[in-house]
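Shown next, in C-alpha cells, is the structure this report addresses.
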Amino acid sequence: MISIGFVGAGQMAQALAGGIAASDADVAFIVADPSSDAIEAFSAKTNSRSVEKADSNADVFASADIVFLAVKPQYFVAATETESIKSAIAGRENPPLVVSIMAGVDIKSIQSRTAIETVIRVMPNTPCLVGAGACGMSCSDQVAEADRDRIKAFMETTGIVIPVAENLLDAVTGLSGSGPAYIFELIDALALGGVKCGLPRNVSDQLAAQTVFGAAKLAIESGDHPSVLRDRVTSPGGTTIAGLKALFDNGFQQSIISAVEAATERSKELG
Ligand SMILES: NC(=O)C1=CN([C@@H]2O[C@H](COP(=O)(O)OP(=O)(O)OC[C@H]3O[C@@H](n4cnc5c(N)ncnc54)[C@H](O)[C@@H]3O)[C@@H](O)[C@H]2O)C=CC1
Ligand SMILES: O=C(O)[C@@H]1CCC=N1
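Numbering (the working numbering), first residue to last: 8 to 278.
Here is the structure:
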C-alpha cells in the first residue's frame, strides 16, 4: 500500500487523486487543507479509497510516501514550514518523495523549504479531470529511476506525460498548463461567430466544441502536422481560405504566440 499525501486538496489535487484512485494502484490518501469543503470534494473523487484528514501539513510529511504540493504558488511558503517538516520526518528511514504541481516554483526552492532533496515537478492541466491531460515533468538529480517511473505512471492515469528539462517547465505552463483557457476562449469565439451568422446559440456551442475536439483528435490520431491537416480543409478559392485570411489579417497566430509567451513569463515571475 502506498500512502499518497496532498498538501492542498483543491481542483487539481482532486483531479490527480481521482485519476490515481481510478487505477488499480494500491493507495490510500492523507490530505491537509484548511477548507473542509475541499477535503469533502476530494474524498468524493477517490473511488471509496481511504482518505485521512491530517491535522497539519507537517503530518502529511510525517506519514505519506509521496507528498503532492498542490497549493497555489503564492501559498507555498505558508504551507511549508521548514522546521515543522524537519521534525515531522526526523524519525523516518527515508523522507517522502515530494511532487509539486505549483506553477513557477523551482526544484531548488522546494528542496530548500522542505529540507527534502527528492523533488519532482509536474505541470498538469485541467483536462486531466476527464483523463485527457497534458503534463510536463522534471526531477531533481536525487530522484531514483523507480520513483520517477512511479510518478510518471500515476500522472499517466490522467493523460499524457512528457519529461522535460526543468528550465522548460515555465514554457510547458504557458502552453499546456494555461492552454485550456485559450481553447475555451476559442470555442466561445467560434460559437459567437456561428451566432453572428444566424445559428441558434445551443447549436453553435455544440458545433464549436465538437469541432475543436475533432480537430485535436485528428491531429493526434493521424500524426500529420497541423499545417498538412489545415491544407486538406482548404479548397482553392473556397470558404476556408477566406476564413483563414480573416484570421491572419487579425493577428491570430501572433495572439496565440503572445499568450503562451506572456503566461511563460508569468510562471517565471511566480517562481
Ligand atoms: N488550475 C489549473 O489549471 C492548474 C493549476 N496548477 C497548479 O496547481 C496548484 C493548485 O491549483 P488549483 O488546484 O487550481 O487551486 P485550488 O485553489 O483549487 O486549490 C488549492 C487548495 O489549497 C488550499 N490551501 C490554501 N492554503 C493552504 C495551506 N496553507 N495548506 C494547505 N492547503 C492550503 C486551498 O484551500 C485550496 O483548496 C497551483 O499551484 C497551480 O499553479 C497546475 C496546473 C494547472
Ligand atoms: O493560472 C495559473 O496560474 C495556473 C497554472 C497553470 C494553469 N493555471
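Using N, Cα and C, we set each Cβ at its ideal position, and we do this for glycine too.
ask   = Relative to the alpha-carbon of Gln149, which residue among Val74, Leu76, Lys115 has its alpha-carbon at the smallest distance?
value = Lys115
query = Is the beta carbon of Ala270 less than 8 Å from the beta carbon of Thr133?
reply = no
key: Backbone secondary structure at Ser10 - three-state DSSP   = strand
Beta-carbon proximity of Thr125 to Thr87, cut-off 8 Å = no
task = Please report how far the alpha carbon of Lys52 lies from the alpha carbon of Phe259, in whole angstroms.
result = 38 Å
request  = Look up Lys52 in the DSSP assignment and say whether it is helix, strand or coil.
outcome  = coil
inquiry  = For Ala77 and Ala20, which I take to be in contact (beta-carbon distance under 8 Å), what is that distance rounded to the nearest angstrom?
reply    = 4 Å
inquiry  = Tell me whether Asp40, by its Cβ, gets closer than 7 Å to a heavy atom of ligand 1.
reply    = yes
ask   = Under the DSSP definition of a beta bridge, which residues are partnered with Lys60?
value = Val38
task = Count the CB pairs spanning the segment 140-147 and the segment 156-175 that are closer than 8 Å, and state whether there are at least three.
result = yes
query = Pairing CB atoms from the segment 91-104 with CB atoms from the segment 54-69, are three or more of them under 8 Å?
reply = yes
query = Counting along the chain, where does the beta strand (DSSP E) carrying Gly200 start and finish?
reply = No beta strand (DSSP E) holds Gly200; the alpha helix (DSSP H) holding it covers 186-203.
message = Just to confirm, is the Cβ distance from Ser10 to Ala71 under 8 Å?
response = yes
ask   = Is Thr133 near ligand 1, judged by its Cβ being under 7 Å from some heavy atom?
value = yes
key: Contact test: Met130 Cβ vs ligand 1 heavy atom, cutoff 7 Å   = yes
query = Beta carbon of Ala222, beta carbon of Ser211: below 8 Å?
reply = no
Cys135 burial status per 10 Å Cβ neighbour count (16 or more: buried) = buried
query = Between Ser274 and Asp154, is the Cβ-Cβ spacing less than 8 Å?
reply = no
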